[in-house]
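Asks: These protein sequences, in sequence, are chains A and B. Just so we're aligned: the first sequence equals residues 16 to 220 in this note's numbering. Just so we're aligned: the second sequence equals residues 6 to 92 in this note's numbering. For every residue, glycine included, the Cβ atom is placed at its ideal position computed from N, Cα and C.
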Amino acid sequence: MAVKESPNKVPRKFRNLGKSFTEHLQGESNYFFMPFPKNLSFVGKDKDEHVILVIRTHWIIYTRYLGIILLILIITSVTSSILNAPENPSLLISMWTISILTCSSIAVYGFIRWFYNVNIITDQRVIDLDFTSALSHTSSEARLERIEDVTHKQIGILSNVFDIGTLYIQTAGAKAEIEFDNIPKPREVQDILYDLLESKQKGEI
Amino acid sequence: MDPYEIIDNLTIDTPKIDFNILSLLKIPVFVILFINMLFAFMMYLRVRILSDTFSSPDNKIVKTVILIHLFVTLIGSLISLLFIILS
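#1: Could you compute how far the alpha carbon of T69 of chain B sits from the alpha carbon of S60 of chain B?
#2: Whole angstroms are fine: how far does the CA of N197 of chain A sit from the CA of L116 of chain A?
#3: Tell me the DSSP secondary structure of A17 of chain A in three-state form.
#4: Mind checking if F35 of chain B is an interface residue toward chain A, Cβ cutoff 8 angstroms exclusive?
#5: Tell me the residue span of the beta strand (DSSP E) that contains Y183 of chain A.
#6: Using the Cα positions of S96 of chain A and R53 of chain B, report the straight-line distance between them to the nearest angstrom.
#7: Buried or exposed, going by whether 16 or more other CB atoms sit within 10 Å of the CB of K200 of chain A?
#8: Figure out for me which residue from A:L150, A:L173, A:L208 and A:F146 has the closest Cα to the Cα of I162 of chain A.
#9: Report the residue from A:G180, A:S119 and A:D145 whose alpha carbon sits nearest the alpha carbon of L88 of chain A.
#10: May I ask you to verify whether the segment 145-160 of chain A touches the segment 66-78 of chain A, counting CB pairs closer than 8 angstroms and requiring at least 3?
#11: Straight-line CA distance for S14 of chain A to M49 of chain A?
#12: Rounded to whole angstroms, how far is the Cβ of M47 of chain B from the Cβ of V123 of chain A, which I believe are closer than 8 angstroms?
#13: What do you get for R30 of chain A, buried or exposed, if any count of 16 or more other CB atoms within 10 angstroms of its CB means buried?
#14: What do you reckon, are the CB atoms on L91 of chain B and S105 of chain A nearer than 8 angstroms?
#15: To the nearest whole angstrom, what separates the beta carbons of I70 of chain A and F177 of chain A, a pair I think is in contact under 8 angstroms?
#16: Going along chain B, which residues have a C-beta under 8 angstroms from F48 of chain A?
#17: Using the C-alpha atoms, what's the distance from Q41 of chain A back to E20 of chain A?
#18: Hey, could you find the ends of the beta strand (DSSP E) E163 of chain A is sitting in?
#19: Going along the segment 80-92 of chain A in order, which residues come within less than 7 angstroms of chain B, judged by CB to CB distance?
#20: Quick one: which unbroken beta strand (DSSP E) runs of 3-plus residues sit fully inside the segment 62-139 of chain A? Chain order, please.
So this is what it looks like as structure tokens:
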């Protein structure tokens, strides 16, 4: 009987390395932790370069936008009752339209931030794409051979509850370190990076 | 002549200052609407750049979401502007 292949199956190139990091990549794939994604590309990707892992900031970090939306809706209801807006329907409609538009802008902004705050690990480099605001974004990358140290920090209640943390990747030279902010499974990602660095140093990948 | 009547005649009618808080509220509302429209447009442009930097199969969904948001913001702002002028 033919065995159905797992969608997250680790390519042979990496399986043959015999490293522990492949175990972390065989689990569940979701938008926050995506091992070996298909049809994914970025500027400067080489033809023979394999994307090993795509990580996004944990969803719990974006719940603050939900709080802001709720606050705006509460402020609008309070203001409309203070101004006795039901007596002036035009004012009531315009106030609620503005409020809903602002809330939708915040929700869309949160969604875009989540989608484009992306960290990519390939067999050649690590890339950190940060959507900082509607007017700016930052893209940092470091080749694996330039990486000197990888540290992870898990601080706070949220990190305890959701197992999230920040990974700091120190590169050679005066260049600032790369940060993978509030990512899920930081220990596993650190292990993946260490194994990849080791394989790179030995010339296995 | 009655002295009270004389005093009444001497009283000058001072013009009343009509202070309406609703008309004062219209200024920040116009500003919020303008910022909202500008923000939606800037986000649309930024997503266009980022979709070239990082391309994934879900980029189409994101582009559609941001385009819909831009249109909704523009139409909603115009409606809101109309109601503010009417109020």
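Replies: Quick answer:
#1: Numbered from 1 along the second sequence, position 64 holds the residue referred to as residue 69 of chain B. Numbered from 1 along the second sequence, position 55 holds the residue referred to as residue 60 of chain B. Each residue's alpha carbon lies about 15 angstroms from the other.
#2: On the first sequence, residue 116 of chain A is found 101 positions in, with the first residue counted as 1. On the first sequence, residue 197 of chain A is found 182 positions in, with the first residue counted as 1. Approximately 29 angstroms between the Cα atoms of the pair.
#3: In the first sequence, counting from the first residue as 1, residue 17 of chain A sits at position 2. Reliability of the predicted coordinates at A17 of chain A is poor, the pLDDT of 44 falling under 50, and the value obtained from them is presented with this limitation in mind. In the structure shown, A17 of chain A sits in coil (DSSP, three-state: anything other than H, G, I, E or B).
#4: Here the question's residue 35 of chain B lines up with position 30 in the second sequence. Output row for F35 of chain B: interface = no.
#5: Position 168 of the first sequence holds residue 183 of chain A. Residues I179 to T186.
#6: On the first sequence, position 81 is the one that residue 96 of chain A refers to. On the second sequence, position 48 is the one that residue 53 of chain B refers to. Using only the alpha carbons, I get a separation of about 41 angstroms.
#7: Here residue 200 of chain A corresponds to residue number 185 of the first sequence, with the count starting at 1. Under this definition K200 of chain A is a buried residue.
#8: Taking the first sequence and counting its residues from 1, the one referred to as residue 162 of chain A is at position 147. Out of A:L150, A:L173, A:L208 and A:F146, A:L208 has the C-alpha closest to the C-alpha of I162 of chain A.
#9: Taking the first residue of the first sequence as position 1, residue 88 of chain A is located at position 73. If we check each option's Cα against that of L88 of chain A, A:S119 comes out closest.
#10: no
#11: Nothing about residue 14 of chain A can be reported from this structure: the residues present for chain A run from 16 to 220 only.
#12: Translated into positions along the second sequence, residue 47 of chain B becomes position 42. Translated into positions along the first sequence, residue 123 of chain A becomes position 108. At roughly 12 angstroms, the Cβ-Cβ gap does not stay under 8 angstroms, so M47 of chain B and V123 of chain A are not in contact.
#13: The sequence position of residue 30 of chain A within the first sequence is 15, counting from 1. The residue is exposed, with fewer than 16 neighbouring Cβ atoms inside 10 Å.
#14: Your numbering for residue 91 of chain B matches position 86 in the second sequence. Your numbering for residue 105 of chain A matches position 90 in the first sequence. Yes; because the gap between Cβ atoms is below 8 angstroms, this pair is in contact.
#15: Within the first sequence, the letter at position 55 stands for residue 70 of chain A. Within the first sequence, the letter at position 162 stands for residue 177 of chain A. With 8 angstroms as the limit, I70 of chain A and F177 of chain A do not qualify as a contact, their Cβ atoms being about 14 angstroms apart.
#16: Taking the first sequence and counting its residues from 1, one reaches residue 48 of chain A at position 33. By Cβ distance, chain B contributes nothing, its closest Cβ being about 15 angstroms from F48 of chain A, past 8 angstroms.
#17: In the first sequence, counting from the first residue as 1, residue 20 of chain A sits at position 5. In the first sequence, counting from the first residue as 1, residue 41 of chain A sits at position 26. Any reading at E20 of chain A is ruled out, since the residue's pLDDT is 47, under 50, leaving its predicted position unreliable.
#18: Here residue 163 of chain A corresponds to residue number 148 of the first sequence, with the count starting at 1. Here the beta strand (DSSP E) through E163 of chain A covers I162 to K168.
#19: none
#20: 66-71 and 133-137
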